[in-house]
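Asker: Mind having a look at this structure? Questions to follow.
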Amino acid sequence: MDTMILEIMKDISVKTESKIVLIVLDGIGDLPNEGGKTPLEAATTPNLDRLAMNSALGLLDPIYPGITPGSGPGHLGLFGYNPLRYWIGRGVLSALGIGLEMGPNDVAARGNFCTIDESGKVVDRRAGRIPTELNAKLCEKISSAVKEIDGVKVVVRPEEEHRFVLLLSGQDLGPHVSDTDPQKTGLEPLAPQALDKDSEKTAKIVAKFVDIVKEVLKDEHPANMVLLRGFDKLPHIPSLQELYKLTPCAIASYPMYKGISRVVGMEVLKLEGHGELLEEKMTLFEENYDKYDYIFFHIKKTDSYGEDGNFDSKVHQIEAFDAVLPRILAKKPDVLAITGDHSTPCVLKSHSWHPVPVLLSAKYLRYDPCERFTEREALKGSLGRMYSMQLMPLMMAHAGKLKKYGA
Ligand code: ZN
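The numbering of the sequence shown is my numbering, which starts it at 50 and goes up by one.
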């Protein structure tokens, strides 16, 4: 069904002047605390409340009821793709997220610097979360020691803290190589295994790479070894331009979200890293609003505070968003949707399967009796409960970007 929908979208979508804004408060869905309220319920949000009264609300299942989504699949759903059909490997997301170009023959993996003891066993999978500056130095050290292995180009680039990206470019590289990360301490890093015949060459190169790196890092502390996971190639995913004739952009700061935005064809606007992040994102939004007809605006901290179990800070983050909402509304987008990519309840300190509230604001809309944008108010909403991937056609329709289907 879902591939058929994408084909239909391609046929009936039209280029218009109207503008769609999608705001993703990462991990926004939550559960009540001891006081009986979720962060959305506990937050003071006069602007969101006013908007909710003139909007249609509902609940989204990011993937399928009961399935706890990662942020990658969670976002693919919001961008209109069936996350069970389309998959983007972690390595690819990281590589694109830090701005590396990937060709169809390239294989990317995500790496961690880690600490091993004299017997070779992992004692810290994140090497004490070394600072990004040290990470960059170590990546340079590795890069000058190994540029190529058996004709395959090797690129190593830092991400944040202990994380880096490994990019292999060459012929006949299959992407299906097992992780070398044993996922717990007290074990040695695992040998990379080819998971199919096409990936045997890749596994060999990776094994050689790991041996070289072990030698290069042997006198370093605490980062004296690396762990690799999430090997993958660039998947073919039809872009938002191709499917919906949109000119889309993304305002996001975390590499993974920038990566996924690029995979679906969005232009990722550059944050300079000066000043307060939300303020900088707002400035970027205001400066670029006229150039695009689809703007994806991502806020990460709601999820981070959920993961930390920090209820109060999640509430404050929601209130900070509420404070800038009038500036978004001032641009009068034809369609505005506010939702999350999944729930991250503070009591669970992790992502969860609970459906996520969604708010849709547009001119031609049956607005609901909902008085606030919260999990429980959304139950009264006319959007009911749907899959995240169904939001995209709805946004398109409300923006007047879909022709009639059939005569
Ligand atoms: Zn997320």
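Ideal Cβ positions, reconstructed from N, Cα and C, are used throughout, including at glycine.
Given the structure is predicted, the values throughout are model-derived calculations rather than measurements.
What three-state label does DSSP hand Leu222 in the structure shown?
Answerer: Correct three-state label for Leu222: coil.
Asker: Taking Cβ positions, are Phe162 and Ala144 nearer each other than 8 Å?
Answerer: No, the Cβ-Cβ distance between Phe162 and Ala144 is not below 8 Å.
Asker: Of the residues Met445, Lys450, Ala446 and Phe422, which one's Cα is nearest the Cα of Leu108?
Answerer: The option with the nearest alpha carbon to Leu108 is Phe422.
Asker: Could you name each continuous beta strand (DSSP E) segment of 3 residues or more that falls completely within the region 285-362, going from the start of the chain to the end?
Answerer: Whole beta strand (DSSP E) segments, 3+ residues: 297-300 and 343-348.
Asker: Assign Tyr343 to buried or exposed, taking buried as 16 or more other Cβ atoms, counted over all protein chains shown, within 10 Å of its Cβ.
Answerer: When all chains shown are included, Tyr343 counts as buried.
Asker: Is Thr94 near Glu424, with beta carbons less than 8 Å apart?
Answerer: In this structure, Glu424 does not lie closer than 8 Å to Thr94 by Cβ.
Asker: Give me the residue from Gly76, Ser218 and Phe346 with the minimum Cα distance to Ile377.
Answerer: Ile377 has its Cα closest to that of Phe346, out of Gly76, Ser218 and Phe346.
Asker: Can you check which of these residues, Ala369, Arg178 and Leu149, is closest to Ile309 by C-alpha distance?
Answerer: Here the closest residue by C-alpha is Leu149.
Asker: Please confirm whether any heavy atom of the ligand ZN lies closer than 7 Å to the CB of Asp352.
Answerer: Yes; taking the cut-off as 7 Å, the Cβ of Asp352 has a heavy atom of the ligand ZN nearer than that.
Asker: What are the partner residues of Val204, as DSSP defines its beta bridges?
Answerer: Paired residues: Leu216.
Asker: Over the uninterrupted alpha helix (DSSP H) stretch that includes Cys163, give me the two end residues.
Answerer: Note, Cys163: premise wrong, no alpha helix (DSSP H); beta strand (DSSP E) at Asp155 to Ile165.
Asker: In chain order, which alpha helix (DSSP H) runs of at least 4 residues are fully inside the region 105-179?
Answerer: For the region 105-179, whole alpha helix (DSSP H) runs of length 4 or above, ordered along the chain, are 120-127 and 139-146.
Asker: Run through the DSSP bridge pairs and tell me what Thr388 is partnered with.
Answerer: Answer is Val73, bridged to Thr388.
Asker: Starting from Ser193, trace the alpha helix (DSSP H) in both directions and tell me its first and last residue.
Answerer: Where Ser193 is concerned, the enclosing alpha helix (DSSP H) stretches over Thr181 to Ala194.
Asker: Based on DSSP bridge pairs, tell me the residues matched to Met274.
Answerer: For Met274, which the question treats as bridged, DSSP gives the partners Cys163.
Asker: So the candidates are Ile147, Ile116, Leu142 and Gly140; which of them puts its Cα closest to the Cα of Leu133?
Answerer: Answer by Cα proximity: Ile116.
Asker: For the ligand ZN, is there a heavy atom less than 7 Å away from the beta-carbon of Asp342?
Answerer: Checking the Cβ of Asp342 against the ligand ZN gives no.
Asker: Quick check on the DSSP output: the beta strand (DSSP E) that includes Val396 runs from which residue to which?
Answerer: First-last for Val396: undefined, no H or E at that position.
Asker: In terms of residue numbering, what span does the beta strand (DSSP E) encompassing Pro406 cover?
Answerer: First-last of the beta strand (DSSP E) with Pro406: Val405 to Ala411.
Asker: Quick check: the Cα distance between Gly85 and Val70, rounded to an integer number of angstroms?
Answerer: Distance between the alpha carbons of Gly85 and Val70: 32 Å.
Asker: How about Val259 and Thr234: do their beta carbons lie closer than 8 Å?
Answerer: For Val259 and Thr234, no; Cβs fall outside 8 Å.
Asker: Is the CB of Gly126 under 8 Å away from at least one CB in chain C?
Answerer: Of the protein chains in this structure there is only one, and it is not chain C.
Asker: Tell me which residues share the same chain as Ala158 and place their Cβ nearer than 7 Å to its Cβ, disregarding the 5 neighbours each side in the sequence.
Answerer: So the qualifying residues of the chain are Gly140, Leu215, Leu277, Arg278, Gly279 and Phe280.
Asker: Name the residue from Tyr130, Leu292, Pro287 and Pro404 whose alpha carbon lies nearest to the alpha carbon of Leu80.
Answerer: Nearest of Tyr130, Leu292, Pro287 and Pro404 to Leu80, Cα basis: Pro404.
Asker: Going along the chain, which residues of its own chain have a beta-carbon closer than 6 Å to the beta-carbon of Pro375, five neighbours each way excluded?
Answerer: Hits under 6 Å: Asn96.
Asker: Counting only the same chain and skipping the five closest in sequence on each side, list residues whose C-beta sits under 6 Å from that of Leu125.
Answerer: Correct list, in chain order: Pro132 and Tyr135.
Asker: What residues match up with Asp281 in a beta bridge as DSSP calls it?
Answerer: Ala157.
Asker: Closest to Val364 by C-alpha separation, out of Ala91, Glu56 and Ile61, would be which residue?
Answerer: Ranking Ala91, Glu56 and Ile61 by Cα distance to Val364 puts Ala91 first.
Asker: Just confirm the distance between the C-beta atoms of Val384 and Ala411, as a whole number of angstroms; I'd bet it's less than 8 Å.
Answerer: Rounded, the Cβ-Cβ distance is 5 Å, consistent with contact.
Asker: Could you tell me which of Leu142, Asn103 and Asp361 sits nearest to Lys282, measuring between CA atoms?
Answerer: If we check each option's Cα against that of Lys282, Leu142 comes out closest.
Asker: Counting pairs of beta carbons, one from the region 176-185 and one from the region 321-337, are three or more of them closer than 8 Å?
Answerer: Judged by Cβ distances under 8 Å, the region 176-185 makes no contact with the region 321-337, as fewer than three pairs qualify.
Asker: Based on the DSSP secondary-structure assignment, which residues constitute the bridge partners of Ile198?
Answerer: The partner list for Ile198 (beta bridge, DSSP) reads Val201.
Asker: Among Ile137, Val312 and Gly146, which one has its Cα closest to the Cα of His225?
Answerer: Minimum Cα distance to His225 is reached at Ile137.
Asker: Which of the three DSSP states is assigned to Ala243 in this structure?
Answerer: Here Ala243 sits in strand by DSSP.
Asker: From Leu239 to Lys202, what does the alpha carbon distance come to, in whole angstroms?
Answerer: Cα to Cα, the separation comes out at about 23 Å.
Asker: Which of helix, strand or coil does DSSP assign to Leu414?
Answerer: DSSP places Leu414 in coil when its eight states are reduced to three.
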